[in-house]
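Residue numbers (this note's numbering): 7 to 157.
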Amino acid sequence: MLQLEPGLIGQEFAIGDFAITAEEIGEFARAVGDLNPLYLDPQAARQAGYAAVIAPPTFCMHLRGGRMVPDVPLEPGFTSLHAGQEFEFYDEIYAGRTYSAVGKLVEVYEKTGRSGPLGVIVREMVVRDAAGKTVLILRERQMVRSPEKKI
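Shown next as structure tokens:
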């Protein structure tokens, strides 16, 4: 069902380097309606023991943007949809720090659902701080269906 380039699974692809600002975190927090003072007020963040404002947990989706890295081209007529995501947090994302993000394809498999066969693509985005320490892992699944079967 899914045709992949050999060696694609496990290979890391750069998404980018991100210098995070308090303004960017505040914009995101207001956009998602999360007005926690730890995301908006440097003094409140310091009083809570943080060096600077921290980002809301879903801020990593802002880093990811609309990219699904690496791209897995689908054959003509195939359809896909987002099939879920999970997060593993190891540290906060802080304003005033720089982070790098890489994406990789971790697994591709086929399974049979109630309405027939489908493919599942599993990707991870790993965000690391300037010292190379993993800050978070975002794992996403994409379901793929052939033209013969409708999702």
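C-beta atoms are modelled at their ideal positions from N, C-alpha and C, and glycine is treated no differently.
A Cβ-Cβ separation of about 6 Å places Y105 in contact with D135 under the 8 Å criterion. Distance check between E81 and each of A28, G125, A25 places G125 closest, using alpha-carbon atoms only.
According to the DSSP secondary-structure assignment, I127 is paired through a beta bridge with V114, Q148.
Out of R73, F65, Y56, A107, the CA that lies nearest to the CA of E33 is found in F65. Q9 sits in coil when the DSSP states are folded into three classes, being neither helix nor strand. Here R129 is buried: its Cβ has 16 or more other Cβ atoms, across all protein chains shown, within 10 Å. Shortest Cα-Cα distance from E92 to any of D40, T85, Q148, Y56 involves Q148.
Positions of the alpha helix (DSSP H) runs, each at least 4 residues long and wholly inside the region 56-99, are given as 65-70 in order along the chain.
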